[in-house]
Amino acid sequence: MIAISGVTKTFQRRGGGTHLAIDSIDLQVAEGEFVSILGPSGCGKSTLLYIVGGFVPPSRGSITVSGRPVTGPGPDRGPVFQEFALFPWKTVLGNVAYGLREAGMRKREAERQAEALIARVGLKGYESFYPKELSGGMKQRVAIARTLAYNPAILLMDEPFGALDAHTRVRLQNELLELWERDRKTVLFVTHAVDEAVFLSDRVVVMSRQPGRIKAIVDIDLPRPRHRDELLLQSRYQHLVIELERMIEDPPEEIRP
Amino acid sequence: MTAAALATRTRATLLPGLPPLLACLALLLAWQLYARTLSMGGIPDALSTIRELPAILGDRESLADILDSIRRMAIGFAIALAFSVPLGLFMGRSRTVAAMVNPLLMITYPVPKAALMPIIMLWFGVGDASKLLVIVLGVSLPVIYHAYQGARAVEEKMLWSARAMGMSGPARLARIVLPASLPEILVGCRTGIVLALITMITSEMIARQTGAGNILFNALDMAQYETVYAMILVISALGIVLDMLFEYVRGLLTGWAEPRHDLLAPSL
Ligand SMILES: Nc1ncnc2c1ncn2[C@@H]1O[C@H](COP(=O)(O)OP(=O)(O)OP(=O)(O)O)[C@@H](O)[C@H]1O
Ligand SMILES: [Mg+2]
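First to last, the sequence lines map onto chains W and E. FYI, in the numbering used here the residues of the first sequence are 719 to 975. FYI, in the numbering used here the residues of the second sequence are 355 to 622.
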């Protein structure tokens, strides 16, 4: 489904000089697969996701989605950003219906579908609220619903739960897993939380820093459907968490001159 | 509703109107006392100035003059908005456009627009065109500047979200950048209203034909100080009414925005 081959990104720095953010990334993601990218801050996780989304061009290498090369963003790849990036002048309903209206759907029908999605992410009754009237967790639910609304085949999620408190984070993880188990979209999920990656994913891609490279790809062979309370007791789960934690705890390499 | 809730509600609804009213009364009182005790020839007292108001507002010719001023101001303001907002938004989203327009703004910003009036009159005569042009110049600069700043600050991820939905560049400018910068654009508009008022009066001072400024400065020439002061009151009242109207419209347009703190727009 997604084929990333030899993707490298070098940023031009102010006052000359370049900065190698990610280096020779090769990765294949199959249709319906849930893959997490795990790595320390600054290792280039967001950069990689933006490149797959077509928002940022790679310096070298190429991306194909369903065999077609990526040249820009498109409704087949739906992003969910850490910053929510909701349209503040639109209500919850307006935000979720936005992509459908953009695709040319009649207002009545778009709103009907948006209402159903809003209920699915647990925000029934908040349709007429503006983003400034919502909590962080509610905003992130709206952001997810807004992207799910136009039914992209691929979800690109950049630390979507990173800014949330532990309790809300766990709730949204459960809800995301439920949604995913229903329609099995292909998901590329960026996180720096090990337990989150293990709980959600089929595979976890561990990245190293300076420059961002793939350090290891770990299969998460835990049965589905997964339930958090059962999972926490399983030694296989604990083992995976510990293994991955060791991997990303390695001392960061210095920037090479 | 409980008594406490009622009390807070009345306090909230009464207070915003009260302090400005008290301030106005205090000012009028101070004026009255000053004119009475230290009376110098040129300063009429507050009461006789207020008594002069019905004469001006009841006079068909003066009223027509004032309405003429308001008409010019509205047209000038509308023309300025029509090109300043798109220009500012373009500048905010394109470095090339900004690099081209910015130097022009830097040159024209510090020039008092009314000082250009004599030159403009050489080209366009003493009629409506010159006065309109001065108003347009006065209004457009702050609006361009704030639209530019607003468009520059639009969150990139918001634009990316729209791109992922398949929205084209021009559509993003109109439907994402414009609404996202609207709160900032309105800050520019508020400054623009004040400048429109100032340039309106000064243009009429220099090119006397019609208008509120015309009444004011003719009266000054003829030493009719009651009329002069009454006109100043009328113009101030016009400013206050316009500002209140603007705040109302702002509330309608950008009620969704996070509250912000501006030097020019303190919220009571
Ligand atoms: N626009 C840019 N210009 C220059 N350098 C950049 C730019 N964006 C990212 N970088 C650099 O690329 C590297 C990777 O950044 P990126 O945002 O992808 O990291 P990340 O893994 O997402 O980190 P975090 O977990 O903190 O979000 C960083 O070292 C950063 O300095
Ligand atoms: Mg990031």
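Glycine included, C-beta positions come from ideal geometry on N, C-alpha and C.
Under the three-pair Cβ rule at 8 Å, the segment 858-867 of chain W counts as touching the segment 811-821 of chain W. For the segment 902-957 of chain W, the continuous beta strand (DSSP E) assignments of 3+ residues that do not extend past its boundaries occur at 904-909, 921-926, 931-937, in sequence order. In the three-state reduction of the DSSP assignment, W/GLN831 falls in the helix class, which pools H, G and I.
When DSSP states are grouped into helix, strand and coil, E/SER438 belongs to the helix group.
In the structure shown, E/ASP413 adopts coil according to DSSP, grouped into three states. Straight-line measurement puts the Cα of E/ILE433 at about 42 Å from the Cα of W/ARG795. In terms of Cβ geometry, E/GLY430 and E/VAL497 do not form a close pair [threshold 9 Å].
The three-state secondary structure of W/GLY779, taken from DSSP, is strand. Using beta-carbon distances, E/ARG517 counts as an interface residue toward chain W, with a partner under 9 Å. When the beta-carbon positions are compared, W/VAL747 and W/ILE769 stay at least 9 Å from each other.
Within the segment 848-888 of chain W, the complete beta strand (DSSP E) segments of 3 residues or longer fall at 872-876, listed in chain order. The C-beta distance from W/LEU918 to W/SER754 rounds to 6 Å, short enough to meet the 8 Å contact threshold.
Three or more beta-carbon pairs separated by less than 8 Å link the segment 544-556 of chain E to the segment 587-605 of chain E, which places the two stretches in contact. At least one CB of chain E lies nearer than 9 Å to the CB of W/GLU801.
9 Å or more divides the Cβ of E/ALA501 from the Cβ of E/GLY567. As DSSP reads the structure, W/PHE752 sits in a beta bridge with W/VAL905. At a cut-off of 8 Å, the beta-carbon of W/PRO797 does not count as near ligand 1: no heavy atom of the ligand is closer than that.
W/PHE729 and E/LEU470 have their C-alpha atoms roughly 48 Å apart. At a cut-off of 9 Å between C-beta atoms, E/THR608 counts as an interface residue with respect to chain W. Setting aside the 5 residues that flank it on each side, W/PRO775 is surrounded in the same chain by ILE769, each with a C-beta closer than 8 Å to its C-beta; the list follows chain order. In the structure shown, W/VAL725 adopts extended strand secondary structure according to DSSP, grouped into three states. Within the segment 517-534 of chain E, the residues whose Cβ lies closer than 8 Å to any Cβ of chain W are, in chain order, ARG517, ALA518, MET519, GLY520, MET521, ILE530, PRO533, ALA534.
Per DSSP, reduced to three states, the secondary structure at W/ASP794 is coil, with no helix or strand assignment.
The Cβ atoms of E/ALA507 and E/SER484 do not sit closer than 9 Å to each other.
Per DSSP, the beta-bridge partners of W/LEU745 are W/ILE722.
Contact annotation, E/ASP419 with E/ILE569: C-beta distance approximately 6 Å; criterion of less than 8 Å satisfied. When DSSP reads this structure, W/ARG786 sits in a beta bridge with W/VAL783.
Contact with chain W is absent for E/ALA501, since none of that chain's Cβ atoms lies less than 9 Å from the residue's Cβ. In this structure, W/VAL936 and W/VAL924 form a Cβ contact; the two beta carbons are roughly 7 Å apart against a cut-off of 8 Å. The segment 776-792 of chain W and the segment 834-850 of chain W do not touch, with fewer than three beta-carbon pairs separated by less than 8 Å. At a cut-off of 9 Å between beta-carbon atoms, E/ALA409 makes no contact with chain W. Counting only Cβ-Cβ distances below 7 Å, E/MET512 has contacts in chain W at ALA803, PHE805, in chain order. Among the residues of chain W, those whose CB is under 8 Å from the CB of E/ALA611 are PRO806, TRP807, LYS850, following chain order. For the pair of segments examined, the segment 600-613 of chain E was found not to touch the segment 453-467 of chain E: the number of CB pairs separated by less than 8 Å stays below three. No heavy atom of ligand 1 is found nearer than 8 Å to the CB of W/SER777. Segment contact: the segment 823-837 of chain W against the segment 871-884 of chain W, fewer than three CB-CB distances shorter than 8 Å; contact not assigned.
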